[in-house]
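Protein chains in written order, with my numbering: chain A, 6 to 1002; chain B, 37 to 467. A virtual CB, placed ideally from N, CA and C, is assigned to each residue, including glycine. Predicted, not measured: the structure shown is a model, and the values here were computed from it. In what follows, a single structure is set out as structure tokens and then discussed.
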């Protein structure tokens, strides 16, 4: 700008430009009056035109007509008849494209139903649409779009010219439409319909109960893919406009909105199941797990909403903020750079920002944090255009495309960049008055013969002038406007006296003019530029070199919360020497014995072992056991119950495994290595179980216990009858034990019929629910049934026997002792609480001797947790089998190791210490069932996931890191950063009864 | 008569009588003649241990405790060689006796409506016929502080012994203190999990302060000067400093703010919960305020917290010299109180200190240490004989329990059901 030659010809005032100019175009609309719409023929000269990211023309001429670009060339001629607009010294960029907009869409009413209203079982959408009202593929953004000038204005101000907009409501949200931010008419601004199909895990305004959980949502999504496929076949008796719409949307980009990296992987996995590659609208935390996200192959739409600094001035309130939050605050701006350098394809969105105007600050932060400015520009222009298939219309400044561009004074992401104008489809929107003159830094000013020095400061559009007398330190502020080359000044020298009012026009290098003095008399005015002096601070800021990026104070761990691991642990050779080894095999408990593990497996058990390459751990006086297996757990899950229907066999807990749950680490510290993550007990037929190893720092997918038999959760009793849910919940079937039995009888009968139809080769609609139940009938899936009272236990065994299968496990089963003989005969295992009772009516006859009796009667018996806290002490719970009923210690220990392994059909791999089995081991400092025992080291697959000594040192590191980030937050506040009040988040502890929202 | 090897044998012995009772065992009769326990490792409760000790008791009172005590003639002797003797354990801050089946509303009497309920007395609702009680005392817990819950002021607790005909004769100390739940500084949104500063916090504290000031004024009024107001009347002992104010608070700054307010009001605060008490240990010592720690068997208070913070809390307070007891939540759960103390031993608390935290320290804090909490001449003969370490489930084996010298029946509904079904299966075997 300093070098900008002063324009000899004042620019056309934008006020004139703004006056009704419409591109020539034939329209269907009648015209009232004498047609006088010019064709908007302009030539913009002298600017640096950024045709496309990485392609820049200096001193270019850009011509537009009828709203489109006619030509762009360096130093090109001004065609005859074009209105010339001199943009010397300015920059022209393609305006931005919002790939994930909701502009002009109707408001989405959040569902306000409460639990007191009772369940809504059916859709309340009128018409022949999907059974579930969270499926809205029929929503066509182009049909509901209306121009919203207020929102459009804000977006234009941020530099956007085009938006792909969609209605953000539902799991399937229908199709997006591309519109410009013009103000003419919907007909003119709608560029393209059906550019993308939008999906999410959020059921939006739907008040329908199902799905109430994330796993229900995923199940609904899966079934919808299947249903849509089925719908395309001939033999169907159902008209379904939603499925029809869904089918029509499959060949366009599928954009899936998620909140975090785990959900991104989850969505991608569902896509993989149906051969769909989603574009992921991410959560902004992608940097935390780049590798699997890259492997997903997805393009990401990355948000630019970065958390404000936490106001940690109050040291106690600051305790609410977790280290994870502080880390994210520091690293979120670096997300774009991280995603980019990982080679993940991405575009950017302003969605999620408090207001579009925040875009610029966000971009600057992202660039400061290492993002490549050119890639950032592409991610807002060519990237979205390619993603949405509109490269023929927008994204670059090439001939034939819409004249959508912005005029700036410099790189729009630079500090204090000014966007003067935003042209949309050839029509200008003025954002800041385009400065027509280049003012010098300082002028020699005379006012009626008196000499002053006039210093100019401020940004274009908001200039200030200060008059001072040479040799006098006092100065006078001048009200100063510049318009169309005319300066208007008003000032009052000194505190006394009146105002001078002056008009001045360019003369030579400076200005001259006249005005009136305080006394109303005419006065003369001249302003002559002073010889260039040393650059002022403000000017030098433009060229200010980027401050070197500060190194991060925060660590990036797996997962990225407190106690996350700095690296993924590695498997090695480890020799435990001289331990008391609880083999859980015929050998029993071996004193002073060595165990060697390598390649993730137990390789040798014996005395005096040696191996040169092995890390040797002196385990003298310590006890080595196989890892604890929790048959009934709800940790590491983001939801527990679907429960809105009496059967939800189609839902899978694997879809909601949360690998970032700190309870994983806490339980490793209690010696737990494998957990069965169960659906809750809100309905008779719950969901499919997820069996995981507690591989701390892995992805949910990596946590899964490979090749394990599939299980499903069933439930009986008060929970499935909704006995303790209040009077509003007397609607969903069943409400009595009578109904519970009928549900089972009914579903298994239907599953059998389904199986017969499949076998007969009939054209059957694949039904994920019945398919799952059929697996049970075929002994391909196994039941873990939440149960308390003996009558119901017998009932389910009888149902199973009638349908020729066996109930694998009764879990909780506090009255197992009453029917242990029948269970043994049926072949059912029992996984119970050691001593819980009295918390509800159906456990009023629970006894702590339950485990002992079941064990005595030949039932494979285990103790489970169903509790994030108690799972940390399952070793002690095993001890209670000795206390109550006198189970021999060696057998009691199996209650939390080998026996649950048997129930889960994984006893060939875990649950005991034998060569060839997985090296899932725990080293205890004491007898493992003693109250005084502590797990010192916990291994899974031969990898050390917990080490008590390291845990101690990690604790101090966390405090130091936390403190550094708190200091940085205080710095940020002092430096004027926006802050937010501390807001913590505490994980909900999930139990069988937990109902998600 | 007292030679049974363990409780299991006792229970199996009772199998001979397969009669099934539908109610709790009959309260034990008063001590008939003088008795002696010999050869035992006696955990006195004050941190000391007597090896090979003898305990003499008569008419419900301890006569002598020591290593070199000769048993006088006429004493019925219990040979406790190789066994451990402990004072009867005291479960503070418990709802035992107030709740029978948590999910059945008709059996819940622990929570009154209204913001201020100092006049509510747990004593009145304490159900001696609760079938949960015998299951708890059979693990060595012989006294309980039956405690109301909820609201800003939940009511008054009472110290009860666990073998009574009715609440009157079960009461050891009626209305030992009033329970104040310090307002939450942080609100928890259970749907989102968000924790945000409670906007009503300051108002609630003021409300509490005003209420206490009103009570002070009321209690100072001459008789007949004012209509009888039960809620204020119920606070007179507390604001006079004659009974405890149990201040339920976990956060360090809540502990400080609460203690300062109570002291200002002339009350004698005891912290209940005290998760962060270790952070303000000096303050608590300086103010001479004891702490009833909530259960060690709990999760850490937040994601960044040390994973074993609840396990370590007792050791931290012991090291800092703060007077503390250990408690456990709930009602049926109280049978695990000894293990809750044992857990702390695994994380640095000296063993006898752990015993003290559920015996003498608890008695001292609740104001019943004149008679209970330790084994000393003149005190009540309330103790437990275990043939193994009482704090470790692996070894715990309560063989006898005495309350005021009465030999308590350790049977309970659960043991009874155990026998019933052992009988069922033994019949199948003989068939």
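- 8 Å or more divides the Cβ of residue 230 of chain A from the Cβ of residue 221 of chain A.
- Sixteen is the threshold: when 16 or more other Cβ atoms of the shown chains lie within 10 Å of the Cβ of residue 908 of chain A, as they do, the residue is buried.
- Cβ proximity to chain A below 8 Å picks out 367, 368, 371, 372, 375 and 378 from the stretch 365-378 of chain B.
- Residue 802 of chain A has a beta carbon lying at 8 Å or more from every beta carbon in chain B.
- Contact annotation: residue 405 of chain A and residue 73 of chain A have beta-carbon atoms nearer than 8 Å.
- Interface annotation, residue 865 of chain A: not in contact with chain B, CB-CB separation never under 8 Å.
- Note on geometry: alpha-carbon atoms of residue 663 of chain A and residue 642 of chain A lie some 5 Å from one another.
- Here residue 516 of chain A is buried: its Cβ has 16 or more other Cβ atoms, across all protein chains shown, within 10 Å.
- Interface residue (Cβ-Cβ distance to chain B less than 8 Å): residue 845 of chain A is classified as such.
- When beta bridges are read from the DSSP output, residue 517 of chain A appears opposite A:510 and A:531.
- Positions of the alpha helix (DSSP H) runs, each at least 4 residues long and wholly inside the stretch 805-878 of chain A, are given as 825-831 and 855-861 in order along the chain.
- Under the Cβ criterion (8 Å, minimum of three pairs), the stretch 655-662 of chain A counts as touching the stretch 690-700 of chain A.
- Rounded to the nearest angstrom, the gap between the Cα atoms of residue 502 of chain A and residue 162 of chain A is 42 Å.
- In this model, residue 944 of chain A and residue 60 of chain A are separated by some 55 Å (Cα to Cα).
- Around residue 180 of chain B, no beta-carbon contact reaches into chain A at under 9 Å, the shortest distance being about 15 Å.
- The three-state reading of DSSP puts residue 242 of chain B in helix, counting H, G and I together.
- Where residue 762 of chain A is concerned, the enclosing alpha helix (DSSP H) starts and stops at 742-764.
- According to the DSSP assignment, residue 579 of chain A belongs to the beta strand (DSSP E) that extends over 579-587.
- Taking a Cβ-Cβ threshold of 8 Å, the residues of chain B close to residue 939 of chain A are 382 and 383, in chain order.
- Unbroken beta strand (DSSP E) stretches of 3 residues or longer found wholly inside the stretch 333-381 of chain A: 351-354, given in chain order.
- DSSP links residue 272 of chain B through a beta bridge to no other residue.
- Under the Cβ criterion (8 Å, minimum of three pairs), the stretch 257-265 of chain B does not count as touching the stretch 282-292 of chain B.
- Between residue 374 of chain A and residue 342 of chain A, the C-beta gap is smaller than 8 Å, which places the two residues in contact.
- Interface residue (Cβ-Cβ distance to chain B less than 8 Å): residue 853 of chain A is classified as such.
- Residue-level contact by beta carbon fails for residue 683 of chain A and chain B, as no gap is shorter than 8 Å.
- By the rule that beta-carbons nearer than 8 Å mark a contact, residue 229 of chain B touches chain A.
- Under the three-state reduction of DSSP, residue 252 of chain A is assigned to helix.
- Following the DSSP letters along the chain, one finds residue 736 of chain A in no beta strand (DSSP E), marked with neither H nor E.
- Interface residue (Cβ-Cβ distance to chain A less than 8 Å): residue 461 of chain B is classified as such.
- With the criterion set as a beta carbon lying under 7 Å from some beta carbon of chain B, the members of the stretch 924-937 of chain A are 932, 934, 935, 936 and 937, in sequence order.
- Think of a sphere of 8 Å around the beta carbon of residue 140 of chain B: the chain A residues whose beta carbon falls inside it are 845 and 846, in chain order.
- Sequence-distant Cβ neighbours of residue 863 of chain A in its own chain, meaning closer than 7 Å and more than five residues away, are 829.
- When rounded, the separation of the alpha-carbon atoms in residue 968 of chain A and residue 223 of chain B is 24 Å.
- Chain-ordered listing is empty here: chain B has no CB closer than 8 Å to the CB of residue 558 of chain A, the nearest sitting near 15 Å.
- The beta carbon of residue 59 of chain B is closer than 6 Å to none in its chain, skipping five residues each way along the sequence.
- Counting along the chain, the unbroken beta strand (DSSP E) around residue 941 of chain A starts and ends at 940-945.
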